Amino acid sequence: MGISARYAALVAARQHSLSSSIAGWHGDERTVGSPLTAAEVVAMRRTRLFGATGTVLMAIGALGAGARPVMQDPTFGVRLLNLPSRIQTVSLTMTTTGAVMMTLAWLMLGRFTLGSRKMTRSQLDRTLLLWALPLLIAPPMYSKDVYSYLAQSEISLQGSDPYKVGPATGLGLDHVFTLSVPSMWRETPAPYGPLFLWIGRGISRLTGENIVEAVLFHRLVVLLGVGLIVWATPRLARRCGVAEVSALWLGPANPLLFMHLVAGIHNEALMLGLMLAGTEFALRGVDAAAPLLPRPLAWPRGRQQWQRWYPLTMLITGAVLITLSSQVKLPSLLALGFVAMALACRWGGTVKAFVVASGSLGAVALAVMALIGWASGLGFGWLFTLGTANVVRSWMSPPTLLALGTGQVGILLGLGDHTTAVLALTRAMGVTLIAVIVLWLLFAVLRGRLHPVGGLGVALGATLLLFPVVQPWYVLWAIIPLAAWATRPRFRAAAIVVTLVVGIFGPTANGDRFALFQIALATVASTAILLILLALTYRRLPWRVRPGEPPDEAAPPPAPPHAKPDAYAESP
């Protein structure tokens with residue numbers, strides 16, 4: 130009785146601390162809103178059509194400005210489809226204009242997801258589908274990584290180890306896949322997990338050396354990942370008291386997802402989808418878990434006794450999905466740590482709870498990793514190739530940018546070029562700082578001061594900020610989880626600014642190499658076209674305020690009582 134009373138007081142104190150922490154981080158927001166008025170529905174549909182027109186332009190422009198394969202280009206010799214490749218500056222203008230149109234439509238769509246009156250979930254889902262459809266049949270855009278996927282999968286299919294040899298060595302320089310791989314990646318081994326290469330090997334077995342079919346199959350894998358993201362994000366948002374459509378707008382409807390996951394065919398889609406779905410299932414198990422450490426479970430003999438197995442089933446399912454996501458790319462394994470801390474907090478936050486929760490979920494993760502490595506025949510070689518991408522000196526990585534700037538200063542002062550040495554130092558400092566921040570966030574979740582979804586988002590954001598290499602699509606690692614948790618206007622503003630900057634300046638090469646004058650001409654032409662569109666649609670699209678709504682909208686009232694921060698911190 131004494132232990133139960135002390136635990137009840139502890140959980141009640143932590144519940145108050147957790148609620149205060151969540152309120153301090155993202156404020157209050159209603160989980161539901163009033164339906165849109167008739168005028169707002171018209172404006173929303175016009176906005177949707179404006180964005181869809183942008184993605185259609187992107188798809189057409191990709192025929193000339195996209196990452197077309199060197200061999201087996203299906204547009205080659207076809208008069209109409211081959212025309213964009215003959216006028217690359219025009220194609221680049223179309224792609225840039227379409228991307229900016231889609232981004233502007235996304236910004237306007239935010240007016241219908243953040244106010245007191247919100248669009249419905251079905252309206253937003255139809256918008257996502259409409260914008261994605263034109264990009265599904267377009268050539269890859271903004272990156273040629275998909276051709277590296279094909280080459281590495283083919284290496285595995287032929288019996289070689291993709292973690293030891295690159296496309297040039299494993300397939301030969303004249304292979305149809307190797308020819309489309311960028312030169313800097315032809316000699317490097319695969320940096321991806323065995324699950325992704327196992328899936329790619331299956332695609333290669335089905336499609337052979339047909340590039341078009343293989344790319345389309347990889348795009349189906351991306352669609353599976355995007356579907357999981359769309360499924361999990363609103364459910365995680367409900368746990369944090371965030372409106373579903375608000376989270377979907379900022380996360381899955383983000384222009385970067387269309388540009389780099391759907392159009393660019395990056396495996397981040399599968400990684401994020403499995404990670405978020407696994408987090409949702411695992412937190413269901415945490416919510417339903419007993420408030421104290423469980424006793425050994427006996428085999429259930431009745432229907433009601435089966436309910437005792439529900440938390441365990443959800444926890445194992447979530448842990449398996451999160452581990453599978455890490456077998457695509459490793460950073461998603463952070464989610465398992467935050468789930469373990471949430472479970473330990475549910476069990477009282479003691480040392481014993483920490484050891485049992487982290488040990489049990491860690492054992493599940495190791496078992497799944499061993500099973501995937503054994504079944505795929507790829508083992509754990511991927512652990513030794515995680516630093517493959519470090520050869521890239523990305524301006525989006527602050528540690529790398531600091532080293533490059535310091536190296537240039539040394540050259541100007543006549544001290545010599547010490548960029549490589551400084552780069553090793555700044556990157557090591559960045560990785561160390563990532564470890565410190567993640568440990569602090571894990572401890573905050575363990576003590577009940579931080580929501581696990583918020584901790585995961587902040588941890589991935591810190592990882593992204595201090596990572597040795599940052600690509601434009603990496604930004605989605607942090608934006609999508611945080612969209613389900615953080616709702617303060619300052620965070621939204623920061624996410625919007627990052628999306629705009631990364632979306633505009635991130636893709637420095639649109640699949641192919643363009644001359645500087647082509648980029649300049651395309652930029653001027655796109656700006657002129659967008660100004661004309663702005664003038665033509667100024668009174669027909671919600672550029673400033675929604676129809677029938679005053680400019681300064683009243684702040685939304687606090688969240689209703691049923692929108693609790695999270696169930697695992699409740700008093701039993």
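In our numbering, the protein residues as written are 130 to 701.
For every residue, glycine included, the Cβ atom is placed at its ideal position computed from N, Cα and C.
What you are looking at is a predicted structure, and each value in this text was computed from that prediction instead of being measured.
Exercise for the section: Take residue 420 as the anchor and find which of 569, 568, 478 and 505 has the nearest alpha-carbon. Expected result: Here the question's residue 420 lines up with position 291 in the sequence shown. Selected option, being the one with the closest Cα: 478.
Problem - Three-state secondary structure assigned by DSSP to residue 174 - result: Taking the first residue of the sequence shown as position 1, residue 174 is located at position 45. Helix, per DSSP.
Handout entry: residue 595 and residue 607 closer than 8 Å at C-beta
Key = Here residue 595 refers to the residue found at position 466 of the sequence shown. Here residue 607 refers to the residue found at position 478 of the sequence shown. No, the Cβ-Cβ distance between residue 595 and residue 607 is not below 8 Å.
Exercise for the section: Whole angstroms is fine: what's the gap from residue 536's alpha carbon to residue 526's? Expected result: In the sequence shown, counting from the first residue as 1, residue 536 sits at position 407. In the sequence shown, counting from the first residue as 1, residue 526 sits at position 397. Their backbone Cα atoms lie some 15 Å apart in a straight line.
Practice task
Spell out a yes or no on whether the segment 317-334 and the segment 465-484 are touching, meaning 3 or more CB-CB pairs, one atom from each, closer than 8 Å.
Solution key: no
Exercise for the section: List the endpoints of the continuous alpha helix (DSSP H) containing residue 383. Expected result: For this step, residue 383 is matched to residue 254 along the sequence shown. That residue, residue 383, is in no alpha helix (DSSP H); it is neither H nor E in DSSP.
Handout entry: Cut-off 7 Å between Cβ atoms - residues of its own chain near residue 297, not counting five sequence neighbours on either side
Key = One-based indexing of the sequence shown puts residue 297 at position 168. Contacts found: 307, 315 and 316.
Problem - Per-residue burial, residue 137 [other beta carbons within 10 Å of its own, 16 or more giving buried] - result: Here residue 137 refers to the residue found at position 8 of the sequence shown. Confidence in residue 137 is poor, its pLDDT being 41 and thus under 50, which makes the residue's placement too unreliable to answer from.
Practice task
State the CB to CB distance for the pair residue 613 and residue 362, rounded to an integer number of angstroms; the pair is presumed to be in contact (CB under 8 Å).
Solution key: As a working note, residue 613 is residue 484 in the sequence shown. As a working note, residue 362 is residue 233 in the sequence shown. With 8 Å as the limit, residue 613 and residue 362 qualify as a contact, their Cβ atoms being about 5 Å apart.
Practice task
Rounded to whole angstroms, what's the CA-CA distance from residue 531 to residue 671? Just pull it up for me.
Solution key: Here the question's residue 531 lines up with position 402 in the sequence shown. Here the question's residue 671 lines up with position 542 in the sequence shown. Near 41 Å, if we compare the C-alpha coordinates of residue 671 and residue 531.
Practice task
Ignore the nearest five residues each way along the sequence and tell me which others in residue 453's own chain have a CB closer than 8 Å to its CB.
Solution key: As a first step, residue 453 is located in the sequence shown; it is residue number 324 there, counting from the start. Here the set comprises 324, 403, 407, 497 and 501.
Exercise for the section: Return the first residue and the last residue of the alpha helix (DSSP H) that residue 348 is part of. Expected result: Taking the first residue of the sequence shown as 1, we reach residue 348 at position 219. From DSSP, the alpha helix (DSSP H) with residue 348 extends over 340-368.
Handout entry: Local Cβ density within 10 Å of residue 603, reported as buried at 16 or more and exposed below that
Key = Working through the sequence shown from its first residue, we reach residue 603 at position 474. Counting Cβ neighbours within 10 Å, residue 603 comes out buried, since at least 16 surround it.
Handout entry: Beta-carbon spacing of residue 228, residue 180 below 8 Å
Key = The residue labelled residue 228 in the question sits at position 99 within the sequence shown. The residue labelled residue 180 in the question sits at position 51 within the sequence shown. Not in contact: residue 228 and residue 180 (Cβ atoms no closer than 8 Å).
Practice task
Could you have a look at residue 617 and say whether DSSP puts it in helix, strand or coil?
Solution key: As a working note, residue 617 is residue 488 in the sequence shown. Coil.
Exercise for the section: Assign residue 576 to one of three DSSP states: helix, strand, or coil. Expected result: The residue you call residue 576 lines up with position 447 of the sequence shown. Three-state result, residue 576: coil.
Practice task
Using alpha carbons as the reference points, say which of 209, 217, 199 and 472 lies closest to residue 79.
Solution key: Missing from the structure shown is residue 79; the chain here goes from 130 to 701 and no further.
Problem - Rounded straight-line distance, which links the Cα of residue 346 to that of residue 414 - result: Taking the sequence shown and counting its residues from 1, one reaches residue 414 at position 285. Taking the sequence shown and counting its residues from 1, one reaches residue 346 at position 217. Whole-angstrom Cα-Cα distance: 34 Å.
Handout entry: Candidates 591, 624, 272 and 259, of which the one nearest residue 393 by Cα
Key = Looking up residue 393 in the sequence shown gives position 264. Nearest of 591, 624, 272 and 259 to residue 393, Cα basis: 272.
Handout entry: Residues near residue 231 by beta carbon distance below 6 Å, same chain, minus five either side
Key = As a position in the sequence shown, residue 231 is number 102, starting the count at 1. Excluding positions up to five away in sequence, the list reads 180, 183, 184 and 384.
Problem - At least three beta-carbon pairs within less than 8 Å, the segment 574-588 to the segment 470-477 - result: yes
Practice task
Could you name the residues of the same chain whose beta carbon sits closer than 6 Å to that of residue 337, not counting the 5 residues immediately before and after it, in chain order?
Solution key: In the sequence shown, the residue the question calls residue 337 occupies position 208. Once the five neighbours on either side are set aside, residue 337 has no close Cβ partner at all.
Problem - Residue closest to residue 254, alpha-carbon to alpha-carbon, out of 528, 488, 375 and 567 - result: Taking the first residue of the sequence shown as position 1, residue 254 is located at position 125. Ranking the options by Cα distance to residue 254, first place goes to 375.
Practice task
Go through its chain and collect everything with a Cβ distance to residue 152's Cβ below 7 Å, but skip five positions before and after it.
Solution key: Taking the first residue of the sequence shown as 1, we reach residue 152 at position 23. Here the model assigns residue 152 a pLDDT of 32, short of 50, so the residue's position is not dependable and the matter cannot be decided.
Practice task
Assign residue 202 to one of three DSSP states: helix, strand, or coil.
Solution key: As a first step, residue 202 must be located in the sequence shown, where it is residue number 73. Three-state DSSP puts residue 202 in coil, outside helix and strand.
Practice task
Taking 8 Å as the threshold, find out whether the segment 196-216 comes into contact with the segment 348-366 through three or more Cβ pairs.
Solution key: no
Handout entry: Residues near residue 566 by beta carbon distance below 6 Å, same chain, minus five either side
Key = Here residue 566 refers to the residue found at position 437 when the sequence shown is read from its first residue. Result list for residue 566: 591, in chain order.
Exercise for the section: Ignore the nearest five residues each way along the sequence and tell me which others in residue 650's own chain have a CB closer than 7 Å to its CB. Expected result: Position 521 of the sequence shown holds residue 650. So the qualifying residues of the chain are 218.
Handout entry: Among 193, 261, 309 and 263, nearest to residue 280 - alpha-carbon criterion
Key = In the sequence shown, residue 280 corresponds to position 151, counting from 1. Comparing Cα-Cα distances from residue 280 to each of 193, 261, 309 and 263, the minimum goes to 309.
Practice task
Take residue 520 as the anchor and find which of 545, 552 and 512 has the nearest alpha-carbon.
Solution key: Here residue 520 corresponds to residue number 391 of the sequence shown, with the count starting at 1. Ranking 545, 552 and 512 by Cα distance to residue 520 puts 552 first.
Practice task
Enumerate in chain order the residues of its own chain whose CB-to-CB distance from residue 540 is below 6 Å, with the five nearest sequence positions on each side excluded.
Solution key: Mapped onto the sequence shown, residue 540 falls at position 411. So the list reads 546, once near-sequence residues are dropped.
Handout entry: C-alpha gap between residue 340 and residue 654, whole angstroms
Key = Here residue 340 refers to the residue found at position 211 of the sequence shown. Here residue 654 refers to the residue found at position 525 of the sequence shown. Those two C-alpha atoms are separated by around 33 Å.
Exercise for the section: Return the CA-CA distance between residue 564 and residue 351, expressed in angstroms with no decimal places. Expected result: The residue given as residue 564 occupies position 435 in the sequence shown. The residue given as residue 351 occupies position 222 in the sequence shown. Spanning the two alpha carbons is a distance of roughly 30 Å.
Exercise for the section: With a threshold of 7 Å, establish whether the CB of residue 300 neighbours any heavy atom of the ligand PLP. Expected result: The model depicted lacks the ligand PLP and carries no ligand whatsoever.
Problem - Whole alpha helix (DSSP H) elements within the segment 293-342, 4-residue minimum - result: 296-300 and 323-336
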